[in-house]
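S.K.: In our numbering, the protein residues as written are 3 to 207.
Yeah, the Cβ is synthetic: ideal placement off N, Cα and C, and Gly gets one too.
Remember, predicted model here, so these are calculated numbers, not experimental data.
This is the structure I have questions about; it appears just below.
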Amino acid sequence: VDTVFFHHDSTLRNCASKYLLTYSVKLDTITIFEKDTSNDFAFCNCYFNFDLAVAQLPNGNHTALFYGEDRYHDTVYYGSVNFTLNLSPQGQPDGVEVSQSQSECFHITTDVEQNEVPDKFELSNAYPNPFNPSTRIKFSVGKTSFVKINVYSVAGELVDELLSRELPPGKYNIDWNAARFSSGIYFVSMTAGKYKFAQKIILMK
Numbered sequence: 003v004d005t006v007f008f009h010h011d012s013t014l015r016n017c018a019s020k021y022l023l024t025y026s027v028k029l030d031t032i033t034i035f036e037k038d039t040s041n042d043f044a045f046c047n048c049y050f051n052f053d054l055a056v057a058q059l060p061n062g063n064h065t066a067l068f069y070g071e072d073r074y075h076d077t078v079y080y081g082s083v084n085f086t087l088n089l090s091p092q093g094q095p096d097g098v099e100v101s102q103s104q105s106e107c108f109h110i111t112t113d114v115e116q117n118e119v120p121d122k123f124e125l126s127n128a129y130p131n132p133f134n135p136s137t138r139i140k141f142s143v144g145k146t147s148f149v150k151i152n153v154y155s156v157a158g159e160l161v162d163e164l165l166s167r168e169l170p171p172g173k174y175n176i177d178w179n180a181a182r183f184s185s186g187i188y189f190v191s192m193t194a195g196k197y198k199f200a201q202k203i204i205l206m207k
């Protein structure tokens, strides 16, 4: 009997997440939906791996559709994959296995030192840079603002979302672990209200 495995490797921003993975099969289409059922939140940066195994699919061409839920509880389409089974006996799926694992988390530092509340927004130089596999990104928030910090490839593609939340004035730092990414040049982008900053970082493995 053939077993088809679906893997979702991701970086979590919530160490308190409790994901529920559901799936349905209709003819040659498998629809997979991933939802965080936790109402708690613990901000962090950690690697997460979700595996889904579906057994005894019928022969032929199949399409798997992947959906999830964003922080606004809207359904998000992640993508699809096509595959062909030639050896399985005919029949409907009668088994499914789900496994999940989560790595050590890297917590964002949100302590503000006394008398060191900044009066401006700033993205400081990441250190170390070049780095392997982690670098620390320091930034300052001049007034309470919704702050986004993302990492982009040299081609301008979004590769990781490090921060997306409202922060009070203060000096902060967040670690980016790039163990899953290839060596090369990346750009850290910080957006806070009308302020935008960017800097180049180099991953050398």
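Here's the rule I'm using: 16 or more other beta-carbon atoms within 10 Å means buried, otherwise exposed. How should ASP30 be labelled?
M.R.: Your numbering for residue 30 matches position 28 in the sequence shown. By the 10 Å Cβ count, ASP30 comes out exposed.
S.K.: Consult DSSP for ALA157 and reduce its assignment to one of helix, strand or coil.
M.R.: Position 155 of the sequence shown, counted from the first residue, corresponds to residue 157. Looking at ALA157 - three-state DSSP - the assignment turns out to be coil, as it is neither helix nor strand.
S.K.: Can you find the residues in the same chain that come closer than 7 Å, C-beta to C-beta, to PHE183, ignoring five residues on each side of it along the sequence?
M.R.: Locating residue 183 in the sequence shown gives position 181, counting from the first residue. Cβ neighbours of PHE183 beyond the five flanking positions: VAL161, LEU205.
S.K.: Apart from the five residues just before and just after ALA128, which ones in its own chain have a Cβ nearer than 7 Å to its Cβ?
M.R.: If you number the sequence shown from 1, residue 128 lands on position 126. Taken in chain order, the residues that qualify are THR137, ARG138, ILE139, VAL190, GLN201, ILE203.
S.K.: Return the bridge partner residues of THR77 from the DSSP annotation.
M.R.: Against the sequence shown, residue 77 aligns to sequence position 75. In the DSSP assignment, THR77 forms a beta bridge with GLU71.
S.K.: Quick one: Cα of SER155 to Cα of HIS9, how far?
M.R.: Looking up residue 155 in the sequence shown gives position 153. Looking up residue 9 in the sequence shown gives position 7. Straight-line Cα distance between these residues: approximately 23 Å.
S.K.: By how many angstroms is the C-alpha of ASP53 removed from the C-alpha of LEU23?
M.R.: Taking the first residue of the sequence shown as 1, we reach residue 23 at position 21. Taking the first residue of the sequence shown as 1, we reach residue 53 at position 51. Going from the Cα of LEU23 to the Cα of ASP53 covers about 9 Å.
S.K.: Check ASP121 in the structure and name its three-state DSSP category.
M.R.: Counting from 1 along the sequence shown, the entry for residue 121 is found at position 119. Looking at ASP121 - three-state DSSP - the assignment turns out to be coil, as it is neither helix nor strand.
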